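Before any comments, here is the structure.
Residue numbers (the numbering used here), protein chains in the order written: chain A, 22 to 776; chain B, 22 to 776.
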């Protein structure tokens, strides 16, 4: 039977099975219980938020409009995504049924795919559900207390964080149980790959659709409002203003929620696959370790969120950072405990975990350096704005292209060190080879990085909540003192949004390596099964760990993978432009047909604008999304069927069936596409996220009075940079994070079709 | 003895040596003779250009100023480059002397390095020498005849093209002779790697220094001239105007000359190494084949240039294209003849050659599509300009990111087809394996692509000559009818410059694959030699053809390679900004200190501006240049010394010395750096070249009257895009071409140090 289980790839000796399943399954129940605790905590946070004051009727009117717009978008968006997901489920099912070797797994893969997709959709929607209710309450609280408002916004964010991590933990844990994980623990993790793919697929469309929506509405509202009509941002006369506020929710909350959900899901599945390979060493405990780390994440984040309190005059970032440090320290302590109880107190492995935690910390700090007004990069862009928009753009792009340098070195160092610690930590183990030990080290680093995910996500969702709160205050024309409070919160929210993007790309980079190894192991295993099933020759020393870059299909796959990231970004950016155009046209039409709007005597039709941008964004998200799924599939199939000519020619150490070498071109080309696409995607995403963030803050820096302040020529130039950065940092960049992880999960799931 | 000769890597059988050296060396003499013919033809073209009318004294005054500025820059630039090259020669010599295995080759490698560097420098300088003399004569001819002016400019360009290809051919041919190619033909090509490295090193600094110079002067002159002072382009009152015209020469002529020199050199060396591996099949003829193709290139290009004649009303591009078609057809015929006489009439191999020629043709056409005003991409950017600079920039970047898509598919198709044709063409050969046959097919495709290089380079140099001619006409205030003629030529020159950039990146992409194979073969050979010399175990089935992307050092190398291209681009772009700042400050100072300049009563000090931008550009070129050479070296050495921990763990099929596995981490990490750096560099260069070209022409399109024409808001927005595109397409993009090839040659030369 086909087992998805790569013995030769990872192991040097015969697997042992002397662990106590009855005892070790305790860890699964602990993890699941804490997952439920996380959801309960989310419920209590949500209840406390919902119980707060909802402000004046005027504020409620605005908030209701935002809520209705967001809900209408989400409903249509998830209907579209559901259709696409169901279509893919059918394709997947048929693909798996076609071969007798994969047919027995078709049901399990498709079920876990659908459950992953559903959980991912639920994560995004719950987050948004709370967020569009927390905004008004934060606004209302800001009328009396900054500290109270900050707490409300963060508690709203915590709901997202806890639901995302909790659902990921419970979903994977229950599937593991359902797939017989307690009876055949080494088999079950491989059948979870569908879960990761489902999660990524929904995340991709959620992020793409939301990202296109938010920036189309933003750019559209700004171009007709601020530039043409000369009215301020968030002015109630602008028909696109509600669409803009809706966008903050659907883009940032729902998008990032699904993004981090798939990060944890993909990383958990990858680490559990690896844990299965290390079964001879740790038994069931090694497979359950990633789930326990997520449980620690939940506990640490609940406590971290709870300690955040802020004085009325304190910078809100200080309070948020305190919570982050508390979470990190608790996660570290929990990590140490888990290593003690589950991994036989191998303290070198704690070193690997610290590598991940340190990477997370450094990525946040580096992102700060490149995007905050205190530091040189943003200052230089602001200075370049004094000579006009061209120099602002040149400087911004140069900063963007510089940003990957240090993070790349950090990732390399983290991988090298955690690998080394893994080898040292498992030095006494003889049943697995050094490579598996090292990879396990990098997997633990990835877990370390994700061990504060729930808190990070809470900080992230804090962003759109405070942004919306500011908009509600602005539109309901509250006194200046209240605005000052929400401006402070809004500034902190912008910072947290930028930092979490750095965190997301960092975790994607670390996880990429783990998932790539899982792909290679899976291919190896499938080849071994097929060759054995056909009575072919499987040389004992052969491994599918070497992807030959000098082979033409591999080079082609690598080129195509890198090209995919560029084309995908181009499509995403152009989609924003086209969707923004529809907004502009509608606003023009409303101004023309109803002159009372600009005079303030008539209300604009906010809903029409919301509907129009909804339709446009959903239409635009399809092409880049299909490209992302279709390209690996196309490359794999083309080289599967036409790639035999390009096989390696040294067949003395190659799997053979009936005297013919197994054609690996398809699997190899896809491996290269995955790897080089990931690398290119990481760098492009950093360029766009950090470049966009730096442009944004250069404008804000000038607005504080530098280089002539608002209405100066420098400010005009900086606005150009900020507008260019918008689709970079809020559409293409974040969508690339998701693309990277989707590539990893789609290739894992489709692997059997490439051979 | 150390042989650089990878028997196991390429060959399946025992090499034969039954070819007639005495007879086949005839081809070397033919190639060398045609090389001399090429130089002679260049001499005659130059003489006919120099014999033409030099116009009015006013025109000569301007031209002399340009010439002096260019010569002063070149002198200082090449002094700096010479120092860097000598320093590297010492490092190289010491590095090679350190190991007893490489020590015998130290002299040859260093000598070929120095000769390659010298020839590259000569190529760049000769081209410029003619170009700064052809500009005034073209301008003078334009006063009477467009057709005559076009011919003069093209003949000036032909001098560059022929000198570049001729010097490359003669340099390599003579070194091959000197290194005993006629006695031991299989050994000599490996010792030529120094030639390619020398050529690339000089090309990198020539392109970087020239590219920074040209854009710093251009941006600086525009910002104070057009934007601040409101005077037209090329106005004699602008102190930076001569520096701007000098820049066109040092950036485009000298830079691209060295770039194409390096392309032909690197490709020739790579193809000769492969020819040496195929010695059992073709004997000496296979090694000399690339040189004969260059000889065909020379003959075809001389004839192609000679047929170009243009009527007074014809679009100059038509005439230039006619010449290109003639050259291509002649090259194809010559290719067929060479295959008949040298490769045993294996017509499938002609198919490989046609792949290369078709790739060249398609790249030129795709570049046209993305950068010419007739087509949708430029029209869309122009349309986006109507809503301001931000949308212009967004649209331009989106177009730039879209541009790699089709070229990448073309490259993949060309590689796959030419590989397949190679396998078919050599199907009857049993002494080499299918991989070597396929790679030879791709090598022939690369030769096909480069078989019209001299003509392409002539078209490229046509650009700065006509640009300068236009500037001279403008500054000497000639009548409108003359300006119209030079405007036509200038427009054609802009097109040819864009097209040749497409060509250059296409040839770099094809050659990359060939050079990567050469690197792997070299590493394989060095390992085999070392293991044998130390009495170790060399498994017969082991090849260094598999670079394991799942190994941490390889992943790190790949990440660092991609990051290098981003950081390098960022440094190049920022260098332009800083150097432009010095120009702006000087112009401000001149206007302030001498108010007569703006009133037209006093001449500005053009020379001071030229000196300032010279100093700035030379200072700025050092850091990115050192990064390009230093990073592969650093990665290779770090993993050589610290990478043993990360070795693969399956040692059943691994070279061993004294029971320890040979540490390949350094060589593997560098291989990944080379490959992924190349892929990332190709895509980034396409983004920047085509994006920059499209912005440029969107502005020109608006200037023809679209969207409100000159002085409209759309035009202002388009000027922003054009300015952003300048350092993209003239500094960072072309420098990336050179970086890609430098990475290939530097890794070949340094390979022995990584083990």
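We put the beta carbon where it would ideally sit given N, CA and C, even for glycine. Here the structure is a predicted model, which is why all the values come from computation and not from measurement.
The beta-carbon separation of residue 583/A and residue 698/A, rounded to 6 Å, stays under the 8 Å limit for a contact. At a cut-off of 9 Å between C-beta atoms, residue 396/B does not count as an interface residue with respect to chain A.
With respect to residue 459/B, residue 443/B sits close: the two C-beta atoms are nearer than 9 Å. Per DSSP, the continuous alpha helix (DSSP H) segment holding residue 376/A begins and ends at 368-392. With a cut-off of 8 Å on Cβ pairs, the stretch 636-654 of chain A is in contact with the stretch 576-595 of chain A, counting three or more such pairs. When the beta-carbon positions are compared, residue 483/B and residue 174/B come within less than 9 Å of each other.
Under the 10 Å beta carbon count, residue 655/A is surrounded by fewer than 16 other beta carbons and is classified as exposed. One Cα belongs to residue 386/A, the other to residue 55/A, and the distance between them is close to 30 Å. Per DSSP, the continuous alpha helix (DSSP H) segment holding residue 156/B begins and ends at 127-163. Between residue 402/B and residue 716/B, the CB-CB gap stays under 9 Å. Exclusion of the five residues before and after residue 223/B leaves 102, 106, 138, 141, 142, 279 as the residues of its chain whose Cβ lies within less than 7 Å of its Cβ. Against chain A, the beta carbon of residue 595/B has neighbours under 7 Å at 419, listed in chain order. Setting aside the 5 residues that flank it on each side, residue 383/B is surrounded in the same chain by 431, each with a C-beta closer than 7 Å to its C-beta; the list follows chain order. By the beta-carbon neighbour count (other beta carbons within 10 angstroms, threshold 16), residue 44/A is exposed. The residues 252, 618, 619, 621, 625, in chain order, have a CB closer than 7 Å to that of residue 258/B in the same chain once the five nearest residues on each side in sequence are set aside. As a beta-bridge residue in DSSP terms, residue 681/A pairs with 678/A.
Between residue 631/A and the set 447/A, 235/A, 612/A, the nearest pair of CA atoms involves 235/A. Contact note: residue 468/A does not reach chain B at a C-beta cutoff of 7 Å; the least C-beta distance is about 17 Å. For residue 591/B, the chain A residues whose C-beta falls within less than 7 Å of its own C-beta are 419, 422, 423, listed in chain order. Per DSSP, the unbroken alpha helix (DSSP H) holding residue 68/A starts and ends at 42-71. Taking each of 718/B, 633/B, 377/B in turn and checking the Cα distance to residue 267/B, the smallest one comes out for 633/B. In terms of beta-carbon proximity, residue 701/A lines the interface with chain B, with at least one pair separated by less than 9 Å. Only residues of its own chain outside the window of five on either side were considered, and among them 585, 588, 589, 592 have a CB closer than 8 Å to the CB of residue 648/B, listed in chain order.
At a cut-off of 9 Å between beta-carbon atoms, residue 416/B makes contact with chain A. In the same chain as residue 316/A, and ignoring 5 residues on each side of it, the C-beta atoms closer than 6 Å to its own belong to 52, 55, in chain order. Looking from the CA of residue 200/B, the closest CA among 70/B, 740/B, 730/B, 129/B belongs to 129/B.
Around residue 84/A, the same chain offers 156, 157, 493 as residues with beta carbons nearer than 7 Å, after the five sequence neighbours per side are excluded. In the DSSP assignment, residue 558/A forms a beta bridge with 677/A.
Residue nearest to residue 340/A within the set 90/A, 510/A, 451/A, 694/A is 510/A (criterion: CA-CA distance).
Residue state for residue 329/A is assigned as coil, using DSSP reduced to three classes. Within 7 Å of the CB of residue 323/A, no CB atom of chain B is found; the nearest one sits about 35 Å away. DSSP places residue 433/A inside the alpha helix (DSSP H), whose first and last residues are 426-446. Against chain A, the CB of residue 574/B has a partner CB under 9 Å away; the residue lies at that interface.
Only residues of its own chain outside the window of five on either side were considered, and among them 557, 558 have a CB closer than 6 Å to the CB of residue 677/A, listed in chain order. Between residue 166/A and chain B, the shortest Cβ-Cβ separation is not below 9 Å. Between the C-alpha atoms of residue 117/A and residue 126/A there is a straight-line separation of about 7 Å.
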